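Numbering (this note's numbering), first residue to last: 1 to 185. All residues carry an ideal CB built from backbone N, CA and C; glycine is no exception. Bear in mind that the values here come from a model prediction, so they are computed numbers and not experimental data. Read the structure below first, then the notes.
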Amino acid sequence: MAVCVLAGGWVLSARDSGATVLVLNHDLVAGATIGPDDVSPTRVRLADDVADRYFMSRDQIPEGGHLAHSVDSGDLLPRSALAPGDHAHRVEVPLAVAPEDLPSTVRAGSSVDVWVLPDAEGHGPGTAQRVLTGVTVLNLSGTGTALAPEDTRQVIVTLPADGGTRLAHALAAIADGRVLITRRS
1 MAVCVLAGGW
11 VLSARDSGAT
21 VLVLNHDLVA
31 GATIGPDDVS
41 PTRVRLADDV
51 ADRYFMSRDQ
61 IPEGGHLAHS
71 VDSGDLLPRS
81 ALAPGDHAHR
91 VEVPLAVAPE
101 DLPSTVRAGS
111 SVDVWVLPDA
121 EGHGPGTAQR
131 VLTGVTVLNL
141 SGTGTALAPE
151 DTRQVIVTLP
161 ADGGTRLAHA
171 LAAIADGRVL
181 ITRRS
C-alpha cells in the first residue's frame, strides 16, 4: 500500500502543470515604468488557454516598458498591462488645480480630460475649452487638513513626448485660465 501511495505521489508531481509567472512586488499605476525590481517569480497553476496572457519568469520585460493600466501588489503581470509602442519618451506635466475643480475619485492611474475655464477675473478662454483628452494621472499631491487647507493640488499627468504642438497649445491655454479636470470612466 505504501509503495502505491509513493508511486502515485511521484506520478502526480511529475505531471505538475504549474508555471512560474511574474507577480508585482508593489502597486504600480498607469504610466509607471516597470523593471526587474518590481516583480518576483512565483509558481501558479494556469489553464493552458490563459498562460500566454501573463509574463513568465523566463520572459524579458521590455526595457523602459510603461504600464497602460494600474496593477496591484501580488497580481500576476498581464501582457496587456504594458502600453503598446515606444513609451520610453513621455512627458510629465504638473498642473495646479483647485480642490473644487478636481473630482475626489481621481487617483494615480485615472484617465482624465483637462479643461481650461475663465478664471474669477474673466481671464482665459471665453468658454470652457478641453486642452488635453484621455491623459493619465501619474501622481497627485495630498489634500490639506481642516486646520491648513490647500488652495491648490498638484496633479501630474503624462502624455507622449511627440505631442509637442498639443502640449504647447494646452500650456498656453492653462497659463491664462483656470484648470478643471474631469475623470473618464
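In its chain, beyond the 5 residues on either side, Asp38 and Ser73 have a beta carbon closer than 8 angstroms to the beta carbon of His26.
The residue from Arg166, Pro103, Ala170 and Val155 with its alpha-carbon nearest to that of Thr182 is Pro103. Annotated as proximal: His66 and Arg90, with beta-carbon spacing under 8 angstroms. With the rule of 3 Cβ pairs closer than 8 angstroms, the region 47-60 does not count as touching the region 108-121. Counting every other CB atom within 10 Å of its CB across the protein chains shown gives Leu171 a total below 16, marking it as exposed. In terms of Cβ geometry, Glu92 and Leu138 form a close pair [threshold 8 angstroms]. Excluding five sequence positions before and after Ala68, the CB atoms of its chain that fall closer than 8 angstroms to its own CB belong to Ala30, Ser80, Ala81, Leu82, Ala83 and Pro84, given in chain order. One Cα belongs to Val23, the other to Leu77, and the distance between them is close to 6 angstroms.
At the C-beta level, Val135 and Leu167 stay beyond 8 angstroms of one another. In this structure, the beta-carbon distance from Ile174 to Val116 falls below 8 angstroms. Restricted to the region 59-102, the beta strand (DSSP E) segments that are unbroken, complete and at least 3 residues in length are 90-97, listed in chain order. In the structure shown, the three-state DSSP call for Arg184 is coil.
Short of 8 angstroms from the beta carbon of Val157, and not among the five residues preceding or following it, lie these beta carbons of its own chain, in chain order: Glu92, Val93, Leu95, Val112, Val114, Leu132, Val135, Thr136, Val137 and Leu138. Taking the Cα positions, Gly35 is about 45 angstroms away from Gly126.
Judged by DSSP secondary structure, Pro41 falls within the beta strand (DSSP E) whose first and last residues are Val39 to Arg45.
Bridge pairing for Ala19: Val44 [DSSP]. When DSSP states are grouped into helix, strand and coil, Pro36 belongs to the helix group.
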